[in-house]
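Order-wise, the sequence lines are chains U and F. Residue 1 is where the first sequence starts when you use the numbering used here, and the numbers rise one by one after that. Residue 1 is where the second sequence starts when you use the numbering used here, and the numbers rise one by one after that. Positions of the beta carbon are idealized from the N, C-alpha and C atoms, including for glycine. In what follows, a single structure is set out as structure tokens and then discussed.
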Amino acid sequence: MSSVAVKVARPHPPRFRVAQLASAAAPATIALGIGIALWEIAARAWSQPFFPPFSAVVERLVELIAEGKILASLVGSLTNLAIGFTVSAVVGVGVGMLMGAYRKVEMALDIYVYAMLTAPSLVFAPIFFAIFGLSRLSILGVIIVYSIFIIIINTAAAIRGVSPALIEMGRSYCATERQLFFKIILPAALPLIFAGLRLGMGRAVKGTINGEMFITAVGLGAVVISAGRRFDAAAVLAVLLVIIVVALVAIKLVQLVDARLTGWLPSTARQGRAGRASSPG
Amino acid sequence: MIELIGVAKTFPARGANPPVDALKDVNLTVGDGEFLTILGPSGCGKTTLLRMIAGLIPWEDGDILIDGRPVTGPGPERALVFQSFALLPWATILDNVAFGLELRGMPRPKRQARAMELIELVGLSGFESRLPGQLSGGMQQRVGLARALAVDPQILLMDEPFGALDEQTRRLLQEELLQIWEATRKTVVFITHSMEEAVLLGDRVALMGPRPGRVVDLVDVPLPRPRASTVDAIEGSEEFAKITAGLWRRLREMQLFRRHAAEGRHSSSEPAA
Numbered sequence: 001m002s003s004v005a006v007k008v009a010r011p012h013p014p015r016f017r018v019a020q021l022a023s024a025a026a027p028a029t030i031a032l033g034i035g036i037a038l039w040e041i042a043a044r045a046w047s048q049p050f051f052p053p054f055s056a057v058v059e060r061l062v063e064l065i066a067e068g069k070i071l072a073s074l075v076g077s078l079t080n081l082a083i084g085f086t087v088s089a090v091v092g093v094g095v096g097m098l099m100g101a102y103r104k105v106e107m108a109l110d111i112y113v114y115a116m117l118t119a120p121s122l123v124f125a126p127i128f129f130a131i132f133g134l135s136r137l138s139i140l141g142v143i144i145v146y147s148i149f150i151i152i153i154n155t156a157a158a159i160r161g162v163s164p165a166l167i168e169m170g171r172s173y174c175a176t177e178r179q180l181f182f183k184i185i186l187p188a189a190l191p192l193i194f195a196g197l198r199l200g201m202g203r204a205v206k207g208t209i210n211g212e213m214f215i216t217a218v219g220l221g222a223v224v225i226s227a228g229r230r231f232d233a234a235a236v237l238a239v240l241l242v243i244i245v246v247a248l249v250a251i252k253l254v255q256l257v258d259a260r261l262t263g264w265l266p267s268t269a270r271q272g273r274a275g276r277a278s279s280p281g
Numbered sequence: 001m002i003e004l005i006g007v008a009k010t011f012p013a014r015g016a017n018p019p020v021d022a023l024k025d026v027n028l029t030v031g032d033g034e035f036l037t038i039l040g041p042s043g044c045g046k047t048t049l050l051r052m053i054a055g056l057i058p059w060e061d062g063d064i065l066i067d068g069r070p071v072t073g074p075g076p077e078r079a080l081v082f083q084s085f086a087l088l089p090w091a092t093i094l095d096n097v098a099f100g101l102e103l104r105g106m107p108r109p110k111r112q113a114r115a116m117e118l119i120e121l122v123g124l125s126g127f128e129s130r131l132p133g134q135l136s137g138g139m140q141q142r143v144g145l146a147r148a149l150a151v152d153p154q155i156l157l158m159d160e161p162f163g164a165l166d167e168q169t170r171r172l173l174q175e176e177l178l179q180i181w182e183a184t185r186k187t188v189v190f191i192t193h194s195m196e197e198a199v200l201l202g203d204r205v206a207l208m209g210p211r212p213g214r215v216v217d218l219v220d221v222p223l224p225r226p227r228a229s230t231v232d233a234i235e236g237s238e239e240f241a242k243i244t245a246g247l248w249r250r251l252r253e254m255q256l257f258r259r260h261a262a263e264g265r266h267s268s269s270e271p272a273a
């Protein structure tokens with residue numbers, strides 16, 4: 001018996017990986033370099049106290065780290081972020097799955113989920129403060145409101161989007177409902193679920209800082225607030241740099257788990273996926 | 001043996017669209033070890049009929065019996081091969097072929113050994129750890145065929161399995177299917193819209209007509225078996241030409257009739273949507 005197609009070569013032989021990584025990172029590195037240079041030049045030329053140059057911000061950051069302020073606050077903020085995001089992910093994926101699987105659940109909850117997604121999440125901060133006071137629960141509430149709805153929406157879309165042909169295939173081979181879910185629907189939906197988790201993580205970082213700034217003044221949010229009161233623009237921007245790094249690392253972590261679980265996706269589809277699930281706000 | 005007795009299927013009204021009689025009074029018997037091809041223009045309900053035999057969709061009237069027992073859902077004695085292949089894109093070829101066995105709870109080493117046999121049978125040895133996306137369409141359908149054969153069904157239900165493939169790949173796969181079938185002699189119901197394919201593969205051709213879908217004719221194909229090694233000679237034979245020409249006459253009538261009916265309706269009442 002003859003086989004009609006030739007063996008497909010692996011798209012990226014391992015020995016080229018390092019070089020490829022370097023060339024892929026090059027545009028980003030150059031863009032960052034140019035951005036920092038422009039910042040530095042503009043700030044020096046303009047010379048305004050609320051717009052310090054990059055070098056001054058880095059200097060201030062080093063000072064803050066030396067004082068031990070950043071690290072202590074970072075631990076507090078990361079703890080809030082981790083707890084809040086975990087709750088959002090578990091509950092969000094669960095509710096999203098129910099919405100995706102059952103038309104009636106979807107029809108019942110759709111309006112709430114979209115209303116909450118588009119509502120400015122910080123509006124809920126005073127409400128949580130009124131309920132939970134100065135405790136950590138207030139901040140966690142804000143983080144969850146920030147991140148859970150985009151996760152719900154993506155998960156529901158992911159479940160709904162599973163190819164009917166695959167489900168029919170499973171049925172034709174006498175799959176039980178349980179088997180259909182765990183062996184077909186869940187793995188098929190995973191890529192889009194992770195797209196939602198990535199977006200949710202970004203929003204959870206926002207929620208953490210906003211919650212800390214507006215409710216209890218702890219963590220990095222507290223550092224920002226106190227620096228702002230002293231008109232210490234360099235410190236505010238220094239903390240902002242830390243927050244951006246935290247957010248990028250957190251999203252990267254989600255991506256790493258994603259890549260492990262959905263490595264079967266062709267890389268082109270992987271890039272196109274982020275565009276399919278958009279996040280207003 | 002598959003028996004269809006007075007089977008009717010109606011798709012319910014949707015919005016402004018009236019209910020559609022997809023199938024009406026379909027009578028058909030497929031003997032054990034028979035290769036029946038179902039041929040018909042698109043929209044005649046042949047895929048619907050196959051999905052009903054597979055137990056995937058309900059119907060309103062009549063009976064579908066397999067060895068005398070009514071069909072109430074999918075069963076282990078039937079296996080489907082899909083036009084769209086319907087492979088799990090995240091699973092290796094080995095796991096895809098073993099999928100039906102996995103659903104039946106066969107332990108991993110055993111089902112993998114069985115899957116390897118089938119992978120060999122369809123000529124995909126060496127590809128078992130690939131993903132479906134790395135294979136050509138023809139190879140993917142070999143996987144689909146291997147997956148169906150792995151569960152050792154009595155009946156293979158094939159829904160235009162080669163419809164999505166290019167001509168050359170299709171011809172190769174037809175030959176291989178003949179070879180496999182002539183070695184295993186399972187009961188096959190094979191949907192196609194190609195007259196040549198219907199005649200080349202089938203013991204009989206059930207010709208279906210549209211609106212409502214029904215079996216309008218059953219044509220015997222008295223070409224000698226085994227055919228796998230003599231495909232070219234068969235396709236060049238007078239007998240083959242005669243049968244396909246006869247089928248084409250009937251199909252053309254149906255298409256022309258349909259066009260006239262459509263034109264008549266449009267000119268007398270509302271313009272075409």
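The beta strand (DSSP E) that contains residue i, what's its start and end?
| i | result |
| --- | --- |
| F35(F) | 35-39 |
| E60(F) | Careful: E60(F) lies outside any beta strand (DSSP E) and carries neither H nor E. |
| D159(F) | 155-159 |
| M208(F) | 204-209 |
| N17(F) | Unbroken run through N17(F): none, as it is neither H nor E. |
| F181(U) | Here F181(U) belongs to no beta strand (DSSP E), and DSSP marks it neither H nor E. |
| R214(F) | 214-220 |
| T216(U) | T216(U) -> no beta strand (DSSP E), and no H or E assigned at all. |
| L78(F) | According to the sequence as given, residue 78(F) is Arg; it is not Leu. Where R78(F) is concerned, the enclosing beta strand (DSSP E) stretches over 78-81. |
| T92(F) | Neither: T92(F) is in no beta strand (DSSP E) and is coded neither H nor E. |
| F190(F) | 187-192 |
For residue i, would you say it is in contact with chain F, using Cβ-to-Cβ distances shorter than 8 Å as the test?
| i | result |
| --- | --- |
| M169(U) | yes |
| W285(U) | Past the edges of chain U, shown from 1 to 281, lies residue 285(U), and the structure says nothing about it. |
| P13(U) | Here P13(U) scores only 49 on pLDDT, less than 50, and its place in the model is too uncertain to base an answer on. |
Report the neighbours of residue i on chain F: residues whose CB is nearer than 8 Å to its CB, in chain order.
| i | result |
| --- | --- |
| Q283(U) | With chain U running from 1 to 281 in the structure shown, residue 283(U) is simply not present. |
| A165(U) | F82, S84, A86 |
Name the chain F residues whose beta carbon is nearer than 9 Å to that of residue i?
| i | result |
| --- | --- |
| Q255(U) | Going along chain F, no residue has its Cβ under 9 Å from Q255(U), so there is no contact; the nearest lies around 17 Å. |
| L186(U) | Under the 9 Å cutoff, chain F gives no residues; its nearest Cβ is about 11 Å from L186(U). |
Within a Cβ cutoff of 7 Å, which residues of the same chain sit near residue i, ignoring the five residues on either side of it in sequence?
| i | result |
| --- | --- |
| A101(U) | I159 |
| Y146(U) | S121, R203, A204, K206, G207 |
| G137(F) | A164, L165, T169 |
| A222(U) | S73, E212 |
| M106(F) | none |
Please compile the residues from chain F whose C-beta is within a distance smaller than 7 Å of the C-beta of residue i.
| i | result |
| --- | --- |
| A158(U) | Within 7 Å Cβ-Cβ: nothing; A158(U) doesn't reach chain F, min ~14 Å. |
Mind listing the chain U neighbours of residue i? Cutoff is C-beta to C-beta under 8 Å, in chain order.
| i | result |
| --- | --- |
| V151(F) | Y173 |
| A183(F) | Simply none; closest approach about 12 Å. |
| A54(F) | S172 |
| G163(F) | Simply none; closest approach about 14 Å. |
| P74(F) | R171, S172, Y173, C174 |
Could one say the Cβ of residue i lies closer than 8 Å to chain U's Cβ atoms, at least one of them?
| i | result |
| --- | --- |
| L49(F) | no |
| G45(F) | no |
| G100(F) | yes |
| F103(F) | Going by the sequence as given, residue 103(F) is Leu instead of Phe. Chain U, which has a Cβ nearer than 8 Å to the Cβ of L103(F), makes this yes. |
| L131(F) | yes |
Considering only residues of the same chain and omitting the five flanking positions on each side of residue i, which have a CB-CB separation below 8 Å?
| i | result |
| --- | --- |
| G6(F) | D25, V26, N27, D61, G62, D63 |
| L301(F) | The structure shown does not extend to residue 301(F), since chain F is modelled only from 1 to 273, so the question has no answer here. |
| L261(U) | L190, F194 |
| S138(U) | A125, F128, F129, I131, F132, G211, I215, T216 |
| W248(F) | M195 |
Under DSSP, the alpha helix (DSSP H) around residue i begins and ends at which residues?
| i | result |
| --- | --- |
| R136(U) | 136-160 |
| G207(U) | 186-211 |
| K9(F) | Careful: K9(F) lies outside any alpha helix (DSSP H), inside the beta strand (DSSP E) at 2-11. |
| R103(U) | 103-118 |
| D258(U) | 233-261 |
| D232(F) | 231-236 |
Excluding the five sequence neighbours on either side, which residues of its own chain have a C-beta within less than 6 Å of the C-beta of residue i, listed in chain order?
| i | result |
| --- | --- |
| G43(F) | P210 |
Who are the neighbours of residue i on chain U, taking C-beta pairs under 7 Å?
| i | result |
| --- | --- |
| P89(F) | W264 |
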